Amino acid sequence: MGISENKKAWQETTVARNLAKSPERKAEFRTTSDIELERCFTPDFEYPGYEESLGLPGLYPFTRGVQPTMYRGRFWTMRQYAGFGTASESNERYKYLLSAGQTGLSVAFDLPTQMGYDSDHAMSQGEVGKVGVAIDSLADMEALFDGIPLDKVSTSMTINSTAAILLAMYIAVAEKQGVAADQVSGTIQNDILKEYMARGTYIYPPKESMRIITDIFAYCKESVPKWNTISISGYHIREAGASAVQEVAFTLADGIAYVEAAIKAGLDVDDFAPRLAFFFNAHNNLLEEVAKYRAARRMWAKIMKERFKAKDPRSQMLRFHTQTAGCTLTAQQPDNNIMRVTIQALAAVLGGTQSLHTNSRDEALALPTEDSVRIALRTQQVIAHESGVADSIDPLAGSFLVESLTDRIEQAAFDYIDKIDRLGGAVEAISRGFQQKEIQDSAYAYQRAIETADTVIVGVNKFAIDEPPPTGLLKIKAEVEIAQKKALAGMKAQRDGARVRESLAALEIAARGTDNLMPHILSAVKSYATLGEIADVFREVFGKHRETVVL
13 MGISENKKAW QETTVARNLA KSPERKAEFR TTSDIELERC FTPDFEYPGY EESLGLPGLY
73 PFTRGVQPTM YRGRFWTMRQ YAGFGTASES NERYKYLLSA GQTGLSVAFD LPTQMGYDSD
133 HAMSQGEVGK VGVAIDSLAD MEALFDGIPL DKVSTSMTIN STAAILLAMY IAVAEKQGVA
193 ADQVSGTIQN DILKEYMARG TYIYPPKESM RIITDIFAYC KESVPKWNTI SISGYHIREA
253 GASAVQEVAF TLADGIAYVE AAIKAGLDVD DFAPRLAFFF NAHNNLLEEV AKYRAARRMW
313 AKIMKERFKA KDPRSQMLRF HTQTAGCTLT AQQPDNNIMR VTIQALAAVL GGTQSLHTNS
373 RDEALALPTE DSVRIALRTQ QVIAHESGVA DSIDPLAGSF LVESLTDRIE QAAFDYIDKI
433 DRLGGAVEAI SRGFQQKEIQ DSAYAYQRAI ETADTVIVGV NKFAIDEPPP TGLLKIKAEV
493 EIAQKKALAG MKAQRDGARV RESLAALEIA ARGTDNLMPH ILSAVKSYAT LGEIADVFRE
553 VFGKHRETVV L
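Counting from 13, one number per residue, gives the positions in the sequence shown under our numbering.
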């Protein structure tokens with residue numbers, strides 16, 4: 013009897029009929045991307061060319077991973093996202109995490125820093141040091157990395173509109189440590205398109221923002237070759253309410269836009285593409301998430317090889333960082349978040365991530381305490397050293413369910429990319445509100461499913477308990493803003509004002525012309541021009557972006 017006959021016979025069994033009628037489970041099972049799950053998956057996914065689409069680890073199309081040995085060679089980078097208050101306070105947290113076994117740094121900046129305002133600006137009031145560290149000038153960056161050797165630690169900086177300024181500060185700090193720019197390694201997020209789409213920390217219009225990004229590409233190719241010049245982010249798209257399919261589709265569509273912009277600026281694809289990186293979310297549906305990462309890798313390989321004719325295999329690799337899903341964390345029964353994060357981290361590892369941040373149990377309530385971040389880091393370490401899932405490369409390969417989901421996610425995501433192409437590409441589609449509307453509709457449907465309890469959130473709409481108010485949370489005191497403003501005033505009083513004015517004037521001339529902006533930004537940073545002063549030059553020349561209203 014063949015597979016199809018066996019499957020038909022199985023479907024007709026009494027066991028299968030009884031399972032379908034079970035009052036404890038839904039009659040229909042679907043993933044978060046509304047992909048229907050069959051009761052049992054069989055080898056129906058196999059088709060001519062199947063072995064080629066699956067491939068081998070480290071080889072095109074990289075479905076099974078970008079490295080031939082994956083975690084048998086070395087574990088993923090354990091990179092906990094951290095930053096709060098002043099640079100000195102964050103420096104203490106970084107040293108604590110490194111002493112606990114973290115293998116890379118990941119910097120969170122406060123909202124004024126993200127939006128290009130100094131701590132003494134009226135727009136910064138009440139926000140200094142709250143959701144990340146406050147960085148006003150090179151002096152703060154020096155304090156942030158005091159005692160941390162930048163030739164030995166890889167640093168990721170989650171920063172977008174002001175990414176060029178923060179990167180320049182990092183390069184300047186390294187030089188002061190005696191570390192040449194070509195020896196520092198790390199990543200800046202530098203992904204402005206998802207800001208217009210899902211997050212909102214944009215400053216300048218798209219055209220001018222894309223110029224800054226491609227200038228970073230060109231500068232780092234020559235001067236900072238170990239730096240990942242962009243981390244194209246699906247994380248915030250997913251946090252805004254997108255499905256797994258939408259996360260992949262909109263992220264890769266943004267990637268296509270960045271590649272096209274760089275080529276238009278005169279760069280050869282194989283000169284910059286090897287330094288592109290990606291940033292994905294890890295949600296609760298473990299097997300869908302694993303398939304999502306595998307599909308994204310295969311899709312990007314095809315896009316780079318077939319669409320952009322990239323010849324260097326490194327240009328075809330989708331290397332990505334993962335962060336567990338902040339939007340899934342609950343204020344109710346916060347210890348449940350430990351289990352959620354464990355499942356999400358396991359999905360990222362099984363999906364072949366290159367680095368990972370695990371959220372802390374108390375992040376739905378406040379910034380995480382040291383105890384909470386230690387548990388989050390230990391989650392990664394237990395998975396790495398005790399679970400056994402890192403002992404084999406792509407251990408779920410060949411799973412009927414995983415391979416089927418990988419194929420379906422790939423097809424659905426390519427369908428979205430085709431729609432975006434027909435609208436004129438990611439930038440034009442964003443200007444029309446296409447991605448925003450799709451994300452909003454998905455977020456609404458998910459919230460409705462929670463409210464009707466069709467989607468169960470343990471401790472929220474099922475298994476709720478009466479619990480006392482939380483205690484022991486980390487709070488940022490008002491004194492942080494006062495101290496930061498005082499330090500900024502002191503720095504301004506001591507710097508060479510004429511040198512600052514000269515460097516800002518040169519930056520304005522470059523912004524109005526066609527010179528690469530990075531050398532001028534670096535010069536301004538070294539003069540101790542502030543982040544806000546540099547951003548204001550660009551505001552004056554480039555203008556400010558106004559949000560597209562989606563009806």
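Just so it is clear, CB atoms sit at the ideal spot from N, CA and C, and this is done for glycine as well. All of these numbers come straight from a predicted model, not from anything done at the bench.
Assign residue i to one of three DSSP states: helix, strand, or coil.
| i | result |
| --- | --- |
| residue 169 | strand |
| residue 93 | strand |
| residue 289 | strand |
| residue 437 | coil |
| residue 116 | strand |
| residue 475 | coil |
| residue 596 | Residue coverage of the chain in this structure runs from 13 to 563, which leaves residue 596 outside it and unanswerable. |
| residue 294 | strand |
| residue 312 | helix |
| residue 78 | coil |
| residue 150 | helix |
| residue 255 | coil |
| residue 335 | strand |
| residue 507 | coil |
| residue 143 | coil |
| residue 470 | strand |
| residue 352 | helix |
| residue 157 | coil |
| residue 369 | strand |
| residue 544 | helix |
Can you list, in chain order, the residues of its chain with a C-beta nearer than 8 Å to that of residue i? Leave out the 5 residues immediately preceding and following it.
| i | result |
| --- | --- |
| residue 214 | 172, 173, 204, 207, 208, 221 and 557 |
| residue 300 | 43, 44, 45, 47, 256, 417 and 421 |
| residue 387 | 350, 372 and 373 |
| residue 114 | 90, 91, 92 and 389 |
Could you say which of the options lies nearest to residue i if we only look at CA atoms?
| i | options | result |
| --- | --- | --- |
| residue 248 | 212, 275 and 471 | 212 |
| residue 97 | 510, 517, 361 and 496 | 496 |
| residue 198 | 223, 119 and 403 | 119 |
| residue 179 | 126, 135 and 275 | 126 |
| residue 122 | 136, 227 and 532 | 136 |
| residue 355 | 293, 515 and 457 | 293 |
| residue 547 | 108, 439, 224 and 487 | 224 |
| residue 145 | 134, 176, 105 and 184 | 105 |
| residue 240 | 290, 265 and 216 | 290 |
| residue 361 | 230, 167, 532 and 335 | 335 |
| residue 65 | 456, 463, 459 and 306 | 306 |
| residue 109 | 442, 392 and 187 | 392 |
Give me, in chain order, the residues of the same chain whose beta-carbon lies closer than 7 Å to that of residue i; leave out the 5 immediate sequence neighbours on both sides.
| i | result |
| --- | --- |
| residue 470 | 348 |
| residue 314 | 73 |
| residue 492 | 97, 98, 140 and 141 |
| residue 303 | 414, 417, 418 and 421 |
| residue 472 | 342 and 344 |
| residue 549 | 516, 519, 520 and 523 |
| residue 237 | 194 |
| residue 338 | 251, 371 and 375 |
Would residue i be called buried (16 or more neighbouring beta carbons within 10 Å of its own) or exposed?
| i | result |
| --- | --- |
| residue 513 | exposed |
| residue 111 | exposed |
| residue 263 | buried |
| residue 259 | buried |
| residue 77 | buried |
| residue 3 | No information on residue 3 is available, as it lies outside the stretch 13 to 563 that the chain covers here. |
| residue 218 | buried |
| residue 10 | Residue 10 falls outside the range modelled here, since the chain spans only 13 to 563, and no answer is possible. |
| residue 36 | Low local confidence applies: a pLDDT of 48 at residue 36 is under 50, so the model's placement there is unreliable, and no value is given. |
| residue 423 | exposed |
| residue 410 | exposed |
| residue 535 | buried |
| residue 564 | No answer is possible for residue 564: it lies beyond the span of the chain, which begins at 13 and ends at 563. |
| residue 438 | buried |
Report yes if the C-beta of residue i is less than 7 Å from at least one heavy atom of the ligand SAM; otherwise report no.
| i | result |
| --- | --- |
| residue 437 | Ligands are entirely absent from the displayed structure, and the ligand SAM is therefore not among its contents. |
Among the residues of its own chain, which have a CB less than 6 Å from the CB of residue i, if the five just before and after it don't count?
| i | result |
| --- | --- |
| residue 130 | 148, 542 and 544 |
| residue 100 | 155 |
| residue 539 | 511, 512 and 515 |
| residue 41 | 49 |
Practice task
Report yes or no: do three or more beta-carbon pairs, one from the stretch 143-162 and one from the stretch 184-191, lie closer than 8 Å?
Solution key: With a cut-off of 8 Å, the stretch 184-191 and the stretch 143-162 count as touching, because enough Cβ pairs lie within range.
Handout entry: the stretch 311-331 touching the stretch 269-285, judged by at least three CB pairs closer than 8 Å
Key = yes
Exercise for the section: Report yes or no: do the stretch 90-106 and the stretch 367-384 share at least 3 C-beta pairs separated by less than 8 Å? Expected result: yes
Handout entry: Cβ contact check for the stretch 444-455 and the stretch 324-334: 3 or more pairs under 8 Å
Key = no
Exercise for the section: Spell out a yes or no on whether the stretch 499-515 and the stretch 374-385 are touching, meaning 3 or more CB-CB pairs, one atom from each, closer than 8 Å. Expected result: no
Problem - Three-pair Cβ contact test at 8 Å for the stretch 335-352 versus the stretch 400-417 - result: no
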